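Chemist:
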Amino acid sequence: MSSSSPEIKRVKTTCSICGHNQCGVIVELEGGIVKRILPDREDPMTKGSICPKGIASIQLLYHPDRLKYPLARDGPRGSGKWRRISWDEALDTIAKTLMRIREESGPEAVVMARGTNRGSWIRLFNRFANSFGTPNWTESGGAQCFTPRNFAQRITLGGMALEWPDLENSRTIMVWGANPPATWPPKSRKIIEAKSRGAKLIVVDPVLSNIGSKADIWLPVRPGSDVALALGMINYIIENDLYDEDYVKKYTIGFEELARRASEYSLKKVSEITWVPEERIEEAARLYAENRPSSIVISATFDEIVDTVQIGRAVSILAAITGNVDVKGGNIFPETAGQVSIDTNDFIMIEDLPEEMDRKRLGGDRYPLLGRYLKVNFPMAHYPTVLKAIIEGKPYKVRAMFIMGGNPALAIANSPMAVEALKKVEFLAVADLFMSKTAELADIVLPSASWLEYDGLADSAQATYGHLRIRRKVAQVGEARSDTWIMIELAKRMNLKGFWGSEEEYLDYILKPTGYTFKEFDEAGGIIYHEPEVGKRLKKGFDTPSGKIELYSERLKEWGFDPLPFYREPFESPYSTPELAKDYPFVLTTGRRVPAYFHTAGRNIPGLRDLYPEPSAEINAETARELGIEDGDLVRIETPRGYVIMRAKLTHGIHPRVIGVQHGWEGEANDNRLTDNQRCSEGMGSTTLRGLLCRVRRVAQ
Amino acid sequence: MRYAMVIDLSKCVGCNACAEACKIEHGTGFGVKYTRIEEVELGSFPDVKKAYVPLQCMHCEDPECLKVCPTGATYKAEGGVVLIDQDKCSGCKYCMVACPYGARFFYEDKARPKDLPRMDSEEGRKGAVEKCDLCIDRLRVGREPACVEVCPTRARIFGDADDEKSEVHELISSGRAKALKPEHKPSIYYIW
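As you go down the protein sequences, you meet chains H and Y in turn.
Per the working numbering, residue 4 is the first one in the first sequence, and the count goes up by one each step.
Per the working numbering, residue 184 is the first one in the second sequence, and the count goes up by one each step.
#1: Would you call Ile36(H) buried or exposed, if buried means 16 or more other Cβ atoms sit within 10 Å of its Cβ?
#2: Leaving out five residues before and five after Glu338(H) in sequence, what residues of the same chain have Cβ atoms less than 6 angstroms from its Cβ?
#3: Does the beta-carbon of Thr347(H) have 16 or more other beta-carbons within 10 angstroms, so that it is buried, or is it exposed?
#4: Distance, Cα to Cα, Cys26(H) vs Glu166(H)?
#5: Enumerate in chain order the residues of its own chain whose CB-to-CB distance from Ser6(H) is below 8 angstroms, with the five nearest sequence positions on each side excluded.
#6: Report buried or exposed for Ser297(H), applying the criterion of at least 16 other Cβ atoms within 10 angstroms of its Cβ.
#7: Look at the Cβ atom of Ile299(H), then the Cβ atom of Pro168(H), and state whether they are nearer than 8 angstroms.
#8: Using a Cβ-Cβ distance under 8 angstroms, would Gly285(Y) count as near chain H?
#9: Taking Cβ positions only, does Met4(H) come closer than 8 angstroms to chain Y?
#10: Am I right that Phe589(H) and Ile491(H) are in contact with their C-beta atoms under 8 angstroms? What's the rounded C-beta distance?
#11: List the residues of chain H that Pro296(Y) touches, going by C-beta distances under 7 angstroms, in chain order.
#12: Less than 7 angstroms separating the Cβ of Gly408(H) from some heavy atom of the ligand HEM?
#13: What's the gap between the Cα of Gln156(H) and the Cα of Thr137(H)?
#14: Check the Cβ-Cβ distances between Arg301(Y) and every residue of chain H, and say whether any is below 8 angstroms.
#15: Please state whether DSSP places Ser579(H) in a helix, a strand or coil.
#16: What residue from Glu621(H), His602(H), Pro598(H) and Ser619(H) has the CA that sits closest to Gly610(H)'s CA?
#17: Quick check on this structure: which residue in Glu625(H), Ser619(H) and Gly594(H) has the alpha carbon closest to the alpha carbon of Gly713(H)?
#18: Under DSSP, the alpha helix (DSSP H) around Gln156(H) begins and ends at which residues?
#19: So, is the C-beta of Lys206(Y) closer than 8 angstroms to a C-beta in chain H?
#20: Restricting to runs no shorter than 4 residues, where is the alpha helix (DSSP H) found entirely within the region 309-364 of chain Y?
#21: The beta strand (DSSP E) spanning Tyr646(H) covers which residue range?
#22: Are the C-beta of Ile657(H) and some C-beta of chain Y separated by less than 8 angstroms?
#23: Expressed to the nearest angstrom, what Euclidean distance is found between the alpha-carbon atoms of Ser344(H) and Thr467(H)?
#24: Please report the Cβ distance between Leu74(H) and Ile53(H), rounded to the nearest whole angstrom; I am assuming they are in contact, meaning their Cβ atoms lie under 8 angstroms.
#25: Counting pairs of beta carbons, one from the region 11-25 of chain H and one from the region 304-321 of chain Y, are three or more of them closer than 8 angstroms?
#26: Between Asn213(H) and chain Y, is there a C-beta pair that is closer than 8 angstroms?
#27: Check each residue of the region 210-227 of chain Y: if its Cβ is closer than 7 angstroms to any Cβ of chain H, include it; give the result in chain order.
#28: State yes or no: is the C-beta of Asn607(H) within less than 8 angstroms of the C-beta of Phe381(H)?
#29: Taking a Cβ distance cut-off of 9 angstroms, strictly less, list which residues of the region 307-334 of chain Y are near chain H, in chain order.
#30: For the region 200-219 of chain H against the region 184-198 of chain Y, are there 3 or more C-beta pairs whose distance is under 8 angstroms?
#31: When you compare the CB of Leu204(H) with every CB in chain Y, is at least one pair closer than 8 angstroms?
#32: Since Thr254(Y) meets chain H, which of its residues come closer than 7 angstroms, beta carbon to beta carbon?
#33: Drop a sphere of 10 angstroms on the beta-carbon of Met177(H), count the other beta-carbons inside from all chains shown, and report buried for 16 or more, exposed for fewer.
#34: Determine the closest residue to Ala292(H) out of Pro280(H), Arg264(H) and Ile324(H), with distance taken between C-alpha atoms.
#35: How should Met1(H) be labelled, buried or exposed, when 16 other C-beta atoms within 10 angstroms of its C-beta is the threshold for buried?
#36: Identify each residue in the region 50-63 of chain H for which the Cβ-Cβ distance to at least one residue of chain Y is less than 7 angstroms, and report them in chain order.
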């Protein structure tokens with residue numbers, strides 16, 4: 004080791020290993036080799052947050068199995084036989100094939116599907132699809148991540164305030180269905196800081212998680228019953244006059260209707276539904292409403308239960324009636340730092356897509372809140388409906404798929420069906436860092452660059468609040484190229500409208516309103532520090548049709564949905580399907596996260612795998628004793644759709660009738676063998692990943 | 184000079200950034216974790232308390248491992264750092280039995296999952312016992328240990344316990360930071 008050696012070069016950049024947090028980091032290089040990745044304590048946005056995935060990115064960068072060159076299959080699909088091809092050949096083949104299929108079968112026969120957000124290319128991907136003319140753009144996340152909760156926040160609050168808890172100024176913090184130490188390191192760091200200065204912490208999670216270990220009040224909600232919990236809290240707060248009457252009068256509409264609806268959710272009833280003790284709900288509601296300002300931290304759980312629009316609505320409403328929206332220490336609204344926002348319908352060129360195509364979007368008729376252009380969200384195709392179209396050829400044929408950064412063979416509900424579809428689709432191109440289970444089935448595989456290998460911007464509003472920071476290229480592996488570069492080069496070959504000549508031109512375009520070129524931005528330090536104004540909407544109105552927070556939503560009513568939040572039992576549960584529950588007596592939550600992995604990524608990184616070597620399932624210690632299961636035993640967890648084998652992790656931090664399983668593992672440990680993609684949430688089409696029924700038993704060791 | 188580390192358990196969220204930075208810094212083989220995080224639970228559902236407790240070599244003032252080492256491989260360096268001379272270690276593992284904190288490792292490439300490739304940077308010191316050296320090479324050039332440098336919540340505080348102006352001195356002398364198994368006089372302290 005040579006820490007003192009003078010040849011250490013330090014580069015400030017932003018990590019994008021998860022794509023969501025954009026932690027400011029310092030990369031240390033020795034002799035051009037990346038040696039260390041350190042938190043940047045001076046970063047105005049993330050102030051020193053980092054995670055094992057970011058630190059271990061060195062092992063990802065120099066991994067022996069990295070895809071280094073474009074590959075074309077050299078045998079039947081999935082045979083594992085490949086030949087190295089040039090970038091030109093790879094891009095020409097993809098461009099020609101997609102254009103031919105567009106010509107022969109219409110643009111809708113091409114599906115563009117993305118997964119991990121590796122930089123700002125994600126909205127380029129939408130833009131590409133719209134410019135190409137296909138309505139069938141979708142995401143592994145999609146209806147299971149961000150889209151539903153973003154939709155619910157936008158129609159209720161007029162923006163995504165639940166994504167931005169003002170943790171520095173909160174006196175009470177409520178973390179709901181999120182585990183920031185595993186998935187939101189910057190929020191995790193701020194919560195701990197807030198706790199140190201005396202803030203109170205409420206955590207809603209069926210499992211006592213990393214952040215749960217710091218909770219003053221833990222609400223171990225039955226998986227999938229979150230909406231009832233939120234409505235119970237709303238009702239308690241209204242009935243006991245704990246709401247902010249002045250705020251409600253000035254800034255919201257529909258309070259009387261809400262109060263009537265909420266009155267159906269007494270503490271007693273809600274406690275029975277959620278399995279959370281009454282006094283604990285009461286204590287949490289009181290603390291959140293009284294010890295203000297209070298903020299809420301949410302995450303993908305909101306997008307993975309039976310009613311994903313309702314939970315986002317109910318929790319937005321809870322924040323609103325207690326006067327915690329657009330106030331210091333509450334939930335506030337992000338902005339851009341003045342650059343071109345990629346998170347707009349303008350940027351993705353949705354208006355360029357003909358209206359008839361909007362109507363053709365797969366799943367849009369059944370799930371209009373996801374699949375129709377309602378000027379709220381970015382409309383997208385419904386993944387399960389896409390898979391069905393590939394397999395059955397109905398309502399029309401899907402002939403080609405281009406998947407970037409996604410691994411649907413493992414990552415989406417009912418993954419066996421995804422594999423069937425991937426095998427069947429006529430043409431499959433995949434861009435990724437490794438030969439994933441999805442890439443294995445492709446015709447063409449493109450080697451994507453990791454976050455250390457391209458110049459770019461950390462500019463997603465979800466991740467950066469109002470600051471803009473730079474990402475700097477520090478390394479190059481093989482011929483790997485950024486996803487942005489791939490999109491631009493493909494667009495060139497297809498003469499698509501609205502694209503640029505190079506990556507740098509694209510970055511210059513995004514930066515233009517700031518007065519910088521990318522090069523100048525780099526030289527100027529690569530940071531624009533912009534603190535959005537809190538309370539702007541209280542003065543100027545919220546971005547909703549009424550200009551107020553819409554507790555009662557006329558728009559939802561217009562679109563054919565309940566204008567007020569309500570609770571619905573999961574599709575399968577001890578109450579909705581009591582017969583099934585006799586055979587499958589436990590309530591299952593899938594998708595449990597650990598800090599070392601991002602979805603299906605990371606198991607092949609030795610340093611990360613060492614932290615969590617095997618897939619595990621959380622089981623209540625008392626329950627396990629009754630079932631003869633010891634800590635570390637192999638157990639079989641089964642739903643009506645399939646089974647997984649995992650190691651039992653015994654804990655007292657879970658309800659005796661609840662089981663939690665990790666996600667992202669391969670083979671017999673893939674939790675998406677347990678999930679269903681046929682019964683989806685109303686209007687939005689989310690698959691239920693939390694709140695299923697299962698049974699568990701010890702298997703031969 | 185006496186190096187000491189105070190770990191504030193109220194700030195540790197078990198994110199494992201320290202454990203990862205340690206693995207990268209030292210290029211340890213699979214299964215070797217100079218620092219690791221144990222989960223401790225108290226109570227039963229729904230009244231449960233949980234803590235994450237980072238553990239590592241405690242750099243004891245009077246180390247049990249040193250007493251049992253037959254070859255003199257384990258020794259004490261400046262600032263009370265306990266080190267292993269890899270060349271002198273015969274791999275007898277007496278020290279591993281003697282260590283009250285389970286902080287020593289003997290690398291064998293057996294634990295590695297079949298599907299996991301090996302990085303060139305994983306040194307895997309075969310045939311000798313290894314453990315946390317408090318990043319002594321970094322200390323010698325005025326840099327903090329890797330685990331301290333990366334901790335996102337600043338749960339780890341490092342310094343010279345003999346320096347009366349240091350934060351660690353204040354935390355230890357005031358009794359806020361306490362040792363685990365204090366009879367061994369460890370240099371790693373905890374706030375809980």
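Built from N, CA and C at the ideal position, the CB exists for glycine as well.
For clarity, every value in this text was computed on a predicted model and none was experimentally measured.
Modeler: Checking against the coordinates, here is how it stands:
#1: Start at 1 with the first residue of the first sequence, and residue 36(H) comes out as number 33. Exposed, by the Cβ-count rule.
#2: Taking the first sequence and counting its residues from 1, one reaches residue 338(H) at position 335. So the list reads Gly469 and Pro535, once near-sequence residues are dropped.
#3: By 1-based counting over the first sequence, the position of residue 347(H) is 344. It counts as exposed.
#4: Here residue 26(H) refers to the residue found at position 23 when the first sequence is read from its first residue. Here residue 166(H) refers to the residue found at position 163 when the first sequence is read from its first residue. About 16 angstroms.
#5: Taking the first residue of the first sequence as position 1, residue 6(H) is located at position 3. In this prediction, Ser6(H) scores a pLDDT of 47, lower than 50, which makes its location untrustworthy; the coordinate-derived value is nonetheless stated afterwards. Excluding sequence neighbours, Ser6(H) sits near nothing in its chain.
#6: Here the question's residue 297(H) lines up with position 294 in the first sequence. So Ser297(H) ends up on the buried side.
#7: Walking along the first sequence from the start, residue 299(H) turns up at place 296. Walking along the first sequence from the start, residue 168(H) turns up at place 165. Contact: yes.
#8: The sequence position of residue 285(Y) within the second sequence is 102, counting from 1. No, its Cβ sits nowhere closer than 8 angstroms to a Cβ of chain H.
#9: Here residue 4(H) refers to the residue found at position 1 when the first sequence is read from its first residue. Bear in mind that the predicted position of Met4(H) carries a pLDDT of just 43, short of 50, making it unreliable; the figure below should be weighed with that in mind. Yes, contact with chain Y.
#10: Taking the first sequence and counting its residues from 1, the one referred to as residue 589(H) is at position 586. Taking the first sequence and counting its residues from 1, the one referred to as residue 491(H) is at position 488. Rounded, the Cβ-Cβ distance is 49 angstroms, inconsistent with contact.
#11: Here the question's residue 296(Y) lines up with position 113 in the second sequence. Near Pro296(Y) (Cβ distances below 7 angstroms), the residues of chain H are Arg612 and Pro616.
#12: Judged by which ligands are present, the structure shown has none, so any question about the ligand HEM falls away.
#13: Taking the first residue of the first sequence as position 1, residue 156(H) is located at position 153. Taking the first residue of the first sequence as position 1, residue 137(H) is located at position 134. Gln156(H) and Thr137(H): Cα-Cα distance of roughly 27 angstroms.
#14: As a first step, residue 301(Y) is located in the second sequence; it is residue number 118 there, counting from the start. Interface residue, yes.
#15: On the first sequence, residue 579(H) is found 576 positions in, with the first residue counted as 1. Three-state DSSP puts Ser579(H) in coil, outside helix and strand.
#16: For this step, residue 610(H) is matched to residue 607 along the first sequence. Comparing Cα-Cα distances from Gly610(H) to each of Glu621(H), His602(H), Pro598(H) and Ser619(H), the minimum goes to Pro598(H).
#17: One cannot answer for residue 713(H) here, as it falls past the ends of chain H, which runs 4 to 704.
#18: For the purposes of this step, residue 156(H) is taken as residue 153 along the first sequence, with counting starting at 1. Gln156(H) -> alpha helix (DSSP H) spans Thr150 to Leu160.
#19: Reading the second sequence from its first residue, position 23 is the one you call residue 206(Y). Closer than 8 angstroms: yes.
#20: 319-322, 329-333 and 350-356
#21: Walking along the first sequence from the start, residue 646(H) turns up at place 643. From DSSP, the beta strand (DSSP E) with Tyr646(H) extends over Gly645 to Thr654.
#22: Numbered from 1 along the first sequence, position 654 holds the residue referred to as residue 657(H). Cβ-Cβ to chain Y under 8 angstroms: yes for Ile657(H).
#23: Here residue 344(H) refers to the residue found at position 341 when the first sequence is read from its first residue. Here residue 467(H) refers to the residue found at position 464 when the first sequence is read from its first residue. Spanning the two alpha carbons is a distance of roughly 12 angstroms.
#24: For the purposes of this step, residue 74(H) is identified with residue 71 of the first sequence, where counting begins at 1. For the purposes of this step, residue 53(H) is identified with residue 50 of the first sequence, where counting begins at 1. About 33 angstroms separates the two Cβ atoms, so there is no contact after all.
#25: no
#26: Against the first sequence, residue 213(H) aligns to sequence position 210. At least one chain Y Cβ lies under 8 angstroms of Asn213(H).
#27: Phe213, Gly214, Lys216, Glu224, Gly226 and Ser227
#28: Numbered from 1 along the first sequence, position 604 holds the residue referred to as residue 607(H). Numbered from 1 along the first sequence, position 378 holds the residue referred to as residue 381(H). No, the Cβ-Cβ distance between Asn607(H) and Phe381(H) is not below 8 angstroms.
#29: Cys318, Asp320, Arg321, Arg323, Val324, Gly325, Arg326, Ala329, Glu332, Val333 and Cys334
#30: yes
#31: By 1-based counting over the first sequence, the position of residue 204(H) is 201. Not closer than 8 angstroms to any Cβ of chain Y, the Cβ of Leu204(H) fails to qualify, so no.
#32: Within the second sequence, the letter at position 71 stands for residue 254(Y). None at all; the shortest Cβ gap to chain H is about 24 angstroms.
#33: Counting from 1 along the first sequence, the entry for residue 177(H) is found at position 174. It counts as buried.
#34: Counted from its first residue, the first sequence places residue 292(H) at position 289. Comparing Cα positions, the closest option is Ile324(H).
#35: Lying before the first or after the last residue shown, residue 1(H) is absent from chain H, which here runs from 4 to 704.
#36: Gly51, Ser52, Ile53, Cys54, Pro55, Ile58, Ala59, Ile61 and Gln62
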